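I have placed the structure first, in the form of structure tokens, so that the comments after it can refer back to it.
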Amino acid sequence: GDSVTQMEGPVTLSEEAFLTINCTYTATGYPSLFWYVQYPGEGLQLLLKATKADDKGSNKGFEATYRKETTSFHLEKGSVQVSDSAVYFCALAFSGGYNKLIFGAGTRLAVHP
Amino acid sequence: GAVVSQHPSRVICKSGTSVKIECRSLDFQATTMFWYRQFPKQSLMLMATSNEGSKATYEQGVEKDKFLINHASLTLSTLTVTSAHPEDSSFYICSATREGANEKLFFGSGTQLSVL
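Read top to bottom, the protein sequences are chains C and E.
Letter 105 of the first sequence, counting from 1, is numbered 105 in this note's numbering, and no numbers are missing.
Letter 31 of the second sequence, counting from 1, is numbered 144 in this note's numbering, and no numbers are missing.
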């Protein structure tokens with residue numbers, strides 16, 4: 001079945017370090033791909049998305065490129081801040097069914113000053 | 114932006130008791146609400162979908178008699194874990210959609226349930 005696998009956390013970085021959180025997927029069709037972020041005490045929020053191969057989603061300095069050949073959607077940021085500390089979820093869904101998201105397990109990021 | 118309030122954020126209960134979790138859309142009418150569950154180190158999994166005024170649709174493998182979902186109004190859905198057991202200990206999270214939001218989901222902050 002369709003699934004999402006993301007790197008296990010926690011990921012601990014110093015401020016201004018480069019961030020990569022790996023995400024790969026298995027899908028029978030051509031899904032849209034998403035990154036959600038959950039800050040402490042808050043609900044998940046959509047961070048960025050890409051709807052087709054080679055699309056790049058970006059927001060708040062974060063980027064992820066939809067790579068069909070490697071079935072990946074890795075999240076990157078060039079210089080993290082303490083305020084980026086959160087849990088990041090990779091997810092996929094099919095057009096017309098964005099409400100039926102298939103999530104990964106989440107990766108906790110801790111950024112220290 | 115749209116806000117979804119979920120509470121309690123954390124609950125500890127004894128085995129055999131029932132626990133109710135509430136999910137409220139604070140500033141919009143939620144046509145559809147979703148309930149997810151996440152076991153430690155596993156994916157966030159959709160449990161059920163509920164539309165206001167109708168019975169919830171449960172995903173395969175989710176016991177409808179154990180996880181009672183009520184969506185009695187456009188701003189409130191409740192999940193009741195009946196006769197909870199330690200294996201029901203998990204993180205439960207709700208989300209909601211509203212008309213015209215182009216399939217955008219708004220999430221609650223989640224409830225950590227621990228059954229002793």
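All C-beta atoms in this analysis are idealised placements derived from N, C-alpha and C, irrespective of residue type, glycine included.
As the structure is a computational prediction, the values presented were derived from the model and not from experiment.
Less than 9 Å between the beta carbons of residue i and residue j, yes or no?
{"i": "residue 8 (chain C)", "j": "residue 111 (chain C)", "result": "no"}
{"i": "residue 66 (chain C)", "j": "residue 84 (chain C)", "result": "no"}
{"i": "residue 131 (chain E)", "j": "residue 196 (chain E)", "result": "yes"}
{"i": "residue 122 (chain E)", "j": "residue 43 (chain C)", "result": "no"}
{"i": "residue 11 (chain C)", "j": "residue 109 (chain C)", "result": "yes"}
{"i": "residue 143 (chain E)", "j": "residue 210 (chain E)", "result": "yes"}
Just checking my contact of residue i with residue j at CB under 8 Å: how many whole Å lie between their CB atoms?
{"i": "residue 56 (chain C)", "j": "residue 32 (chain C)", "result": "So it is not a contact: roughly 13 Å between Cβ atoms."}
{"i": "residue 13 (chain C)", "j": "residue 87 (chain C)", "result": "In fact, because the Cβ distance is near 14 Å, the residues do not count as touching under 8 Å."}
{"i": "residue 188 (chain E)", "j": "residue 138 (chain E)", "result": "5 Å"}
{"i": "residue 39 (chain C)", "j": "residue 71 (chain C)", "result": "28 Å between Cβ atoms; not a contact."}
{"i": "residue 91 (chain C)", "j": "residue 75 (chain C)", "result": "Actually they do not touch by this definition, with Cβ atoms about 12 Å apart."}
{"i": "residue 125 (chain E)", "j": "residue 229 (chain E)", "result": "7 Å"}
Check residue i in the structure and name its three-state DSSP category.
{"i": "residue 124 (chain E)", "result": "strand"}
{"i": "residue 83 (chain C)", "result": "helix"}
{"i": "residue 135 (chain E)", "result": "strand"}
{"i": "residue 16 (chain C)", "result": "coil"}
{"i": "residue 63 (chain C)", "result": "strand"}
{"i": "residue 8 (chain C)", "result": "coil"}
{"i": "residue 172 (chain E)", "result": "coil"}
{"i": "residue 200 (chain E)", "result": "helix"}
{"i": "residue 163 (chain E)", "result": "strand"}
{"i": "residue 91 (chain C)", "result": "strand"}
{"i": "residue 49 (chain C)", "result": "strand"}
{"i": "residue 218 (chain E)", "result": "coil"}
{"i": "residue 229 (chain E)", "result": "coil"}
{"i": "residue 27 (chain C)", "result": "coil"}
To the nearest angstrom, how far is it from the Cα of residue i to the Cα of residue j?
{"i": "residue 174 (chain E)", "j": "residue 180 (chain E)", "result": "11 Å"}
{"i": "residue 136 (chain E)", "j": "residue 154 (chain E)", "result": "24 Å"}
{"i": "residue 145 (chain E)", "j": "residue 94 (chain C)", "result": "18 Å"}
{"i": "residue 35 (chain C)", "j": "residue 18 (chain C)", "result": "17 Å"}
{"i": "residue 224 (chain E)", "j": "residue 23 (chain C)", "result": "25 Å"}
{"i": "residue 222 (chain E)", "j": "residue 58 (chain C)", "result": "24 Å"}
{"i": "residue 177 (chain E)", "j": "residue 78 (chain C)", "result": "45 Å"}
{"i": "residue 69 (chain C)", "j": "residue 45 (chain C)", "result": "28 Å"}
{"i": "residue 116 (chain E)", "j": "residue 103 (chain C)", "result": "21 Å"}
Which residue from the options puts its Cα closest to that of residue i?
{"i": "residue 166 (chain E)", "options": "E:176, E:141, E:184", "result": "E:184"}
{"i": "residue 218 (chain E)", "options": "E:169, E:207, E:182, E:164", "result": "E:207"}
{"i": "residue 128 (chain E)", "options": "E:145, E:199, E:120, E:224", "result": "E:199"}
{"i": "residue 113 (chain C)", "options": "C:100, C:2, C:103, C:82", "result": "C:82"}
{"i": "residue 141 (chain E)", "options": "E:161, E:118, E:194, E:133", "result": "E:118"}
{"i": "residue 21 (chain C)", "options": "C:68, C:2, C:37, C:45", "result": "C:37"}
{"i": "residue 204 (chain E)", "options": "E:157, E:147, E:116", "result": "E:157"}
{"i": "residue 147 (chain E)", "options": "E:126, E:182, E:228", "result": "E:182"}
{"i": "residue 89 (chain C)", "options": "C:61, C:28, C:6", "result": "C:6"}
{"i": "residue 186 (chain E)", "options": "E:172, E:164, E:171", "result": "E:164"}
{"i": "residue 52 (chain C)", "options": "C:2, C:105, C:73", "result": "C:73"}
**OP:** Pull out every residue of the region 164-189 of chain E whose Cβ sits closer than 8 Å to any Cβ of chain D, in chain order.
**Re:** The displayed structure is made up of protein chains C and E, and chain D is not among them.
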